[in-house]
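Notes follow the structure.
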Amino acid sequence: MSLTSLFIPYLHLTCLLLLLTKNTYLMKNRKRMIPEMLSLRRQRHALTISKAVYWEKKAERLKEDKESLEEIVRDKDRVIQGKEREVVEARKERERKVDDWRREVKKRKTEAEEVKKRNNGLHERIAGYQHQIHTLKSRLTRAPEQLATVTRRIACMFNAKTDHDRKFYLKEHGTIPDNTPNVLLDLVAMDKVPANKIIESLKNAKGVTISGDGTMHKDETYEMKHAAVIDESNSKLQFFLGLKMATNHTSEEQLDGWIKTVEDLFHLLFESGLCTKDDAQIFWNLVTGFHSDHAADQKKLFHLLKEWKKKSDHDLNTKPGVTQIETDQKRWIVQEEHKRVASTVDDSMGTARLPHVHK
Numbered sequence: 001m002s003l004t005s006l007f008i009p010y011l012h013l014t015c016l017l018l019l020l021t022k023n024t025y026l027m028k029n030r031k032r033m034i035p036e037m038l039s040l041r042r043q044r045h046a047l048t049i050s051k052a053v054y055w056e057k058k059a060e061r062l063k064e065d066k067e068s069l070e071e072i073v074r075d076k077d078r079v080i081q082g083k084e085r086e087v088v089e090a091r092k093e094r095e096r097k098v099d100d101w102r103r104e105v106k107k108r109k110t111e112a113e114e115v116k117k118r119n120n121g122l123h124e125r126i127a128g129y130q131h132q133i134h135t136l137k138s139r140l141t142r143a144p145e146q147l148a149t150v151t152r153r154i155a156c157m158f159n160a161k162t163d164h165d166r167k168f169y170l171k172e173h174g175t176i177p178d179n180t181p182n183v184l185l186d187l188v189a190m191d192k193v194p195a196n197k198i199i200e201s202l203k204n205a206k207g208v209t210i211s212g213d214g215t216m217h218k219d220e221t222y223e224m225k226h227a228a229v230i231d232e233s234n235s236k237l238q239f240f241l242g243l244k245m246a247t248n249h250t251s252e253e254q255l256d257g258w259i260k261t262v263e264d265l266f267h268l269l270f271e272s273g274l275c276t277k278d279d280a281q282i283f284w285n286l287v288t289g290f291h292s293d294h295a296a297d298q299k300k301l302f303h304l305l306k307e308w309k310k311k312s313d314h315d316l317n318t319k320p321g322v323t324q325i326e327t328d329q330k331r332w333i334v335q336e337e338h339k340r341v342a343s344t345v346d347d348s349m350g351t352a353r354l355p356h357v358h359k
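Structure below.
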């Protein structure tokens with residue numbers, strides 16, 4: 001047998017003895033320990049009760065603190081919500097103000113643009129007035145010369161030589177002069193479309209476009225001319241202005257032919273009493289276009305006609321300065337000049353020496 005096997009029973013026996021000793025001790029001291037145990041239990045119970053009361057009070061305080069904190073949180077939430085509403089309202093107010101400012105700025109910009117446009121219009125009107133003032137001054141400076149021209153024309157209308165020049169003879173000393181066939185050709189050409197019809201159509205015309213061309217026949221140069229009158233309804237009336245002989249077909253000769261043709265039309269009606277003005281510039285003022293081919297002489301003729309139209313427009317715009325003189329004053333001036341001219345007329349020669357007219 002080993003030593004361990006001998007020791008285990010001995011150990012068991014020792015434990016049993018200790019338990020018996022303890023139980024014996026407890027049994028002996030039980031009566032003495034019961035009051036102490038009861039007192040200890042009562043103390044424990046009182047301690048438990050006091051702890052329960054303490055924790056209950058603490059729980060109540062915590063509950064109250066929680067409620068107060070919740071109330072504080074609710075107050076804070078209400079304050080925060082109020083602040084948020086104030087912030088939102090302030091933001092909306094700022095946005096409203098910004099929109100108002102933007103509309104105001106846009107309105108000011110529009111007003112500034114309108115003011116700028118009005119200023120530009122005023123500048124243009126001022127420039128127009130200055131141009132009119134300059135034109136009126138020019139008319140005033142030209143009035144004496146134009147008045148002298150009027151008096152010379154009036155003087156030329158009342159003398160024997162003028163009366164003699166107005167007469168046209170088909171024959172002179174038994175022979176037919178060179179201009180008689182041309183006159184007959186003009187009368188034949190104007191038989192279908194009289195000259196007064198052309199001039200009458202110019203009264204309400206919006207514009208006139210002219211065209212013409214030349215040709216050679218048996219070494220003779222001929223010029224043909226047309227005029228298209230544009231009336232108020234934008235309708236075009238085509239007129240044939242005759243076929244005439246010409247020295248050559250140069251641009252200068254064609255321009256001279258146009259000028260003479262138009263002057264002959266107005267002069268013919270003026271002499272016949274169907275027109276109150278012997279002024280071909282009325283026609284040139286209405287000219288707005290020129291039809292031609294691409295020949296060099298036609299291009300040059302266009303530039304010559306353009307310069308002639310500028311000159312005619314200038315002369316026509318400056319003539320009203322004389323016509324604006326009062327009727328009585330003009331009649332008196334004409335009578336006085338006629339008296340002075342009549343005193344210098346040479347009846348034998350049929351000529352008149354016009355006195356010098358000072359400006």
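Heads up: the sequence shown begins at 1 in the UniProt record's numbering, then just goes up one per residue. No residue lacks a Cβ here, since even glycine has one placed at the ideal position from N, Cα and C.
At a cut-off of 3 residues, the continuous stretches assigned as beta strand (DSSP E) that sit fully inside the stretch 192-265 are 207-217, 220-230 and 236-246. Under the three-pair Cβ rule at 8 angstroms, the stretch 236-252 does not count as touching the stretch 279-295. With contacts defined as CB atoms closer than 8 angstroms, A246 and E253 qualify as a contacting pair. Around the Cβ of E223, a 10 Å sphere holds 16 or more other Cβ atoms; the residue is buried. In this structure, the straight-line span from the alpha carbon of K311 to that of Q281 is close to 9 angstroms. About 6 angstroms separates the CB atoms of T221 and N248; that is less than 8 angstroms, so the two are in contact.
Nearest C-alpha to I230 among D77, L286, K171 and L16: L286.
The beta carbons of K236 and A228 sit closer together than 8 angstroms. Counting along the chain, F283 sits inside the alpha helix (DSSP H) bounded by residues Q281 to L286. G289 has T209 as its beta-bridge partners, per DSSP. Taking a 10 Å sphere around the C-beta of F266, we find 16 or more other C-beta atoms and assign the residue as buried. Around the beta carbon of V262, 16 or more other beta carbons sit within 10 angstroms, so the residue counts as buried.
Contact check for G212 and K197: beta-carbon distance about 19 angstroms, past the 8 angstroms limit, so the pair fails to qualify. Between the alpha carbons of D315 and A127 lies a distance of about 22 angstroms. T175 is bridged by DSSP to E172. Our two residues, H45 and E36, have alpha carbons roughly 14 angstroms apart in a direct line. Note that the C-beta distance between L305 and L255 is below 8 angstroms. The beta-carbon distance between L202 and F283, rounded to whole angstroms, is 6 angstroms. This is short enough to meet the 8 angstroms contact definition. Here L147 is buried: its Cβ has 16 or more other Cβ atoms, across all protein chains shown, within 10 Å.
Beyond the five residues adjoining it in sequence on each side, R153 comes within less than 8 angstroms, by CB distance, of no other residue in the same chain. By the Cβ neighbour-count rule, G257 is buried, with 16 or more other Cβ atoms within 10 Å of its own. Going by C-alpha positions, T141 is about 11 angstroms away from H134. A Cβ-Cβ contact shorter than 8 angstroms links T250 with D297.
C-alpha of E89 to C-alpha of Q81: approximately 12 angstroms in a straight line. With distances taken between CA atoms, T209 lies nearest to K309 out of H123, A155 and K309. For L47 and T14, the gap between their C-alpha atoms comes out near 41 angstroms. In summary, T21 is exposed, with fewer than 16 beta-carbon neighbours lying within 10 Å of its beta-carbon over all protein chains present.
K260 places its beta carbon 8 angstroms or farther from that of E232.
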